[in-house]
Amino acid sequence: MSFLQIVEGPLFYIAAAIFLIGAIWRVIGIIKIGHKRDLAPPKGSGKVGFVAGNLRHFLPRKIFAKRTWVHIIAGYSFHFGLFALLLFAAPHIDFARDRILGFDWPALPRWGFIIAAQFAFAGLIMLWVRRFSDPVMRLISDWDDHIGSWLTFLVMLTGCLALQESHNALKAIHMLFVDVWLIYFPFSRLMHAGTFFLSRGYTGATYGRKGMTL
Amino acid sequence: MSAVAQKAVSKFLEFIDADIAAYAESCVHCGECAEACHFYLATKDPKYTPTYKLFPLVKAYKRHKAPLSGLKKMLGLVPAEVTEDELREWEPLVYDACTMCGRCTLVCPMGIDIAGTIRKMREGFVAAGIVPEGLSVAAANAERTGSPMGVTLKALSAQIVRQEKETGIKIEIDKKGADYMAILSSMEIMGYPEIIGAYAKLFKQAGVSWTISSEAFEATNVGVQIGDGKMAKMLVQRIVDAAEKLKVKHVISPECGHAYGALRWAGPNMVGKEFSFKVVHIIELLDQLRREGRIPAGEKDGRRMTLHDPCQLIRRGGLLQEPRTLLDDSCSDFIEMEGAGIANLCCGGGGGVSANERARELQMAAFAQKLKQINDLGDIDAVVVPCANCRTVFEDGLDEFEVDLEVVGLGELVAETLASK
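As they're listed, the protein sequences go chains A and B. Quick note: the first sequence, position 154, residue 141 per the numbering used here, numbers continuous. Every position in the second sequence, counted from 1, becomes a number in the numbering used here once 13 is added.
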């Protein structure tokens, strides 16, 4: 079995299993901690507040936007770019069809891939540079933040290098970083992708019960 | 781990529910919360970044309670134990540099309720005995008299007699079967007693049956401010007992921010049962009476006024529109400050900060931000502040910065502009 076959075969399936089981375990673990029943008579709906909280925090508030615009632009740029690449890059769709799902969907044209990659790289680099250039972020950042940024960067970089699929070695390196990223994900702060809806939702529910519009 | 640190960590873990776990798991250390915090804005010191203030609690969670923490511990991937030195280092951040205003939640991409988490984190500091002296004194007063300022029934009675003379209206104490029982903050009783006369005038006109209990007249809950759940419960229970004894249908929470949250939203959870009465904020009640035509507005106050939004009433209490409706009826030249409403800046003295002498310099720096917000409006004659604690902070701050600006309570303004029968 070649190195490529290992990293996109058994190692990938092991990594994907760790990713899925670990992430689900962690989300369920948080929910299972639970909270006491709120005995205060509500003025509004906690469930509506949960959804409203999730939606409202996608949108920046004008009063803060002028102070946090770098983060807003970099954050959206990185996340939109990353999801576009993850879900619509032709090699990813082929991989999903052949190894996981058995069906495919339209892929991004090459120019679309390049634009998405540029947004993702620009956003990620801006966010990472701020981790050590901004005094606030420097104080609150830890090794997990840096490892998460670097791993994601390396996954994206090796993915671009492997785009032509002309060299198996490049593709294998990309798959190796994907596997490492998948294994690292549930143990790290990358998990925010799976917990943000709880964080926003719980606060939204509290506000909702108070009859407040966020 | 030292016994002191152990006490704090045990309390942290006891208070970490699914909400706080989700917050600890979701913070990506983006630091945007700093841009909403008046203490950071005033000093530009990164240590005042709101999420940083939670670090000891998050450490304890990640080491002891987080899902997968057992596996991570085996791999050496959990944070070290929280130490006593660390708690002592963090204590000023938790008590001096957080008013629990909740503005940081609005800017947080994850919607993390840092203010609510600080409230619970303070329980750990109280358990460990690591609290500022100013708040300890207020807590001791509250334990002795029910009031953080040590206000006694005798002092209240004297103020009531004075207000009866001023208004010519009899104020009944311990009236059984009244519809409403009013509670007041110490600040109001000692600093702004005219609010008692305003209640008498407004409720007489509206035909509201009301009373004040001789056993539970204090609304301030220093237990909530300091983070002492036992004391907070005791102070709420005192009000519940008095309300049940007098068989009132409603308890009126006064113009005091945290007192409303402590009784209306946290109260039933503290005493472990639903109340037999409803808790209504005085602003809510006045708005309702106005809508029912029972306290019609008369001639408006012509002064140019703006409104300060007390955090615990507006941002964390949900009373956004009511004060504005009342002000529109009472003031002919009302102007909103930039960022008014849910995202308005805190006065800098809530959450027990104003009772903490050590925090004074920082508090004044934060108040300067508030003052700038008001100065940016140009010529203002008065600022309406519907919270007695904020009002004291304003008067103190205006004095410190030698600014001539009148500070007005909303209830008094509504009473003064009431249409005569």
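Every residue, glycine too, gets a C-beta built ideally from N, C-alpha and C. Treat the numbers as computed from the prediction; the structure is a model and nothing was measured.
Beta-carbon proximity of residue i to residue j, cut-off 8 Å
i: Val107 of chain B; j: Lys66 of chain B; result: yes
i: Met318 of chain B; j: Asp341 of chain B; result: no
i: His22 of chain A; j: Asp241 of chain B; result: no
i: Ala219 of chain B; j: Ile308 of chain B; result: yes
i: Asp131 of chain A; j: Ser186 of chain A; result: no
i: Pro122 of chain A; j: Pro59 of chain B; result: yes
i: Ser82 of chain B; j: His179 of chain A; result: no
i: Leu169 of chain B; j: Phe230 of chain B; result: yes
i: Ile80 of chain A; j: Trp92 of chain A; result: yes
i: Ala107 of chain A; j: Leu69 of chain A; result: yes
i: Gly331 of chain B; j: Met199 of chain A; result: yes
i: Cys344 of chain B; j: Thr112 of chain B; result: no
i: Leu144 of chain A; j: Tyr171 of chain A; result: no
i: Leu259 of chain B; j: Ala191 of chain B; result: yes
i: Ser15 of chain B; j: Glu97 of chain B; result: yes
Backbone CA spacing between residue i and residue j [nearest angstrom]
i: Leu426 of chain B; j: Pro399 of chain B; result: 10 Å
i: Ala272 of chain B; j: Ala49 of chain B; result: 24 Å
i: Thr193 of chain A; j: Asp300 of chain B; result: 24 Å
i: Lys78 of chain B; j: Arg373 of chain B; result: 36 Å
i: Arg329 of chain B; j: Lys85 of chain B; result: 36 Å
i: Tyr0 of chain A; j: Ile(-7) of chain A; result: 10 Å
i: Glu268 of chain B; j: Asp129 of chain A; result: 43 Å
i: Pro78 of chain A; j: Trp115 of chain A; result: 27 Å
i: Leu375 of chain B; j: Leu148 of chain A; result: 52 Å
i: Phe380 of chain B; j: Ala401 of chain B; result: 16 Å
i: Lys313 of chain B; j: Arg101 of chain B; result: 52 Å
i: Lys178 of chain B; j: Ala213 of chain B; result: 11 Å
i: Leu177 of chain A; j: Ile252 of chain B; result: 47 Å
i: Gly188 of chain A; j: Asn155 of chain A; result: 44 Å
i: Gly129 of chain B; j: Ile393 of chain B; result: 34 Å
i: Glu285 of chain B; j: Glu(-5) of chain A; result: Reading off the sequence shown, one finds Gly at residue 285 of chain B, where the question assumed Glu. Taking the straight line joining both Cα atoms gives about 55 Å.
i: Phe288 of chain B; j: Leu166 of chain B; result: 25 Å
i: Asp412 of chain B; j: Ile50 of chain A; result: 29 Å
i: Phe25 of chain B; j: Glu351 of chain B; result: 37 Å
i: Gly454 of chain B; j: Ser198 of chain B; result: Chain B is shown only over 14 to 434; residue 454 of chain B falls outside these bounds and no answer can be derived.
i: Arg117 of chain A; j: Arg125 of chain A; result: 8 Å
i: Trp98 of chain A; j: Gln105 of chain A; result: 11 Å
i: Leu90 of chain B; j: Ala245 of chain B; result: 37 Å
i: Gly306 of chain B; j: Thr430 of chain B; result: 14 Å
i: Met3 of chain B; j: Phe28 of chain B; result: Outside the displayed range of chain B (14 to 434) lies residue 3 of chain B, so it cannot be described from this structure.
i: Val95 of chain B; j: Tyr61 of chain B; result: 19 Å
Cut-off 7 Å between Cβ atoms - residues of its own chain near residue i, not counting five sequence neighbours on either side
i: Ala3 of chain A; result: Leu169
i: Leu333 of chain B; result: Ile327, Gly354, Ile355
i: Thr182 of chain A; result: Val14, Ile17
i: Pro336 of chain B; result: Ile296, Leu320, Pro399, Leu423
i: Glu257 of chain B; result: Ser289
Short CB-CB distance (under 8 Å) between residue i and chain C
i: Ala27 of chain A; result: The question asks about chain C, but that chain is absent: this structure's protein chains are A and B.
DSSP state of residue i mapped onto helix, strand, coil
i: Ile355 of chain B; result: coil
i: Glu4 of chain B; result: The displayed coordinates of chain B run from 14 to 434. Any statement about residue 4 of chain B would go beyond what the structure contains.
i: Ala27 of chain A; result: coil
i: Phe197 of chain B; result: For the record, residue 197 of chain B in the displayed sequence is Leu; it is not Phe. It is a strand residue.
i: Lys57 of chain B; result: coil
i: Lys53 of chain A; result: helix
i: Val420 of chain B; result: strand
i: Lys19 of chain A; result: helix
i: His58 of chain A; result: helix
i: Gln151 of chain A; result: coil
According to DSSP, residues forming a beta bridge with residue i
i: Asp314 of chain B; result: B:Cys344
i: Thr224 of chain B; result: B:Met194
i: Thr319 of chain B; result: B:Val396
i: Lys291 of chain B; result: B:His263
i: Leu431 of chain B; result: B:Ala310
i: Ile186 of chain B; result: B:Ile225
i: Glu349 of chain B; result: Glu349 of chain B is not bridged to any residue.
i: Glu231 of chain B; result: B:Leu197
Beta-carbon proximity list for residue i, same chain, < 8 Å, skipping 5 on both sides
i: Ala148 of chain B; result: The sequence as given places Leu at residue 148 of chain B; Ala does not occur at that position. Correct list, in chain order: Tyr108, Val235, Gln238, Ile239, Gly365, Ala368, Asn369.
i: Met200 of chain B; result: Met162, Thr233, Cys269, Ala401, Asn402, Arg404, Thr405
i: Trp12 of chain A; result: Pro173
i: Gly89 of chain A; result: none
Distance cut-off 7 Å: residue i Cβ against heavy atoms of the ligand PLP
i: Leu42 of chain A; result: Among the components modelled here there is no ligand, and therefore nothing to report on the ligand PLP.
Own chain, CB closer than 6 Å to residue i, minus 5 neighbours either side, in chain order
i: Val35 of chain A; result: Gly195
i: Thr190 of chain A; result: Gly40
i: Pro92 of chain B; result: Lys72, Lys75, Arg76
i: Ala395 of chain B; result: Arg316, Met318, Glu419, Val421
i: Ile225 of chain B; result: Ile186, Ala195
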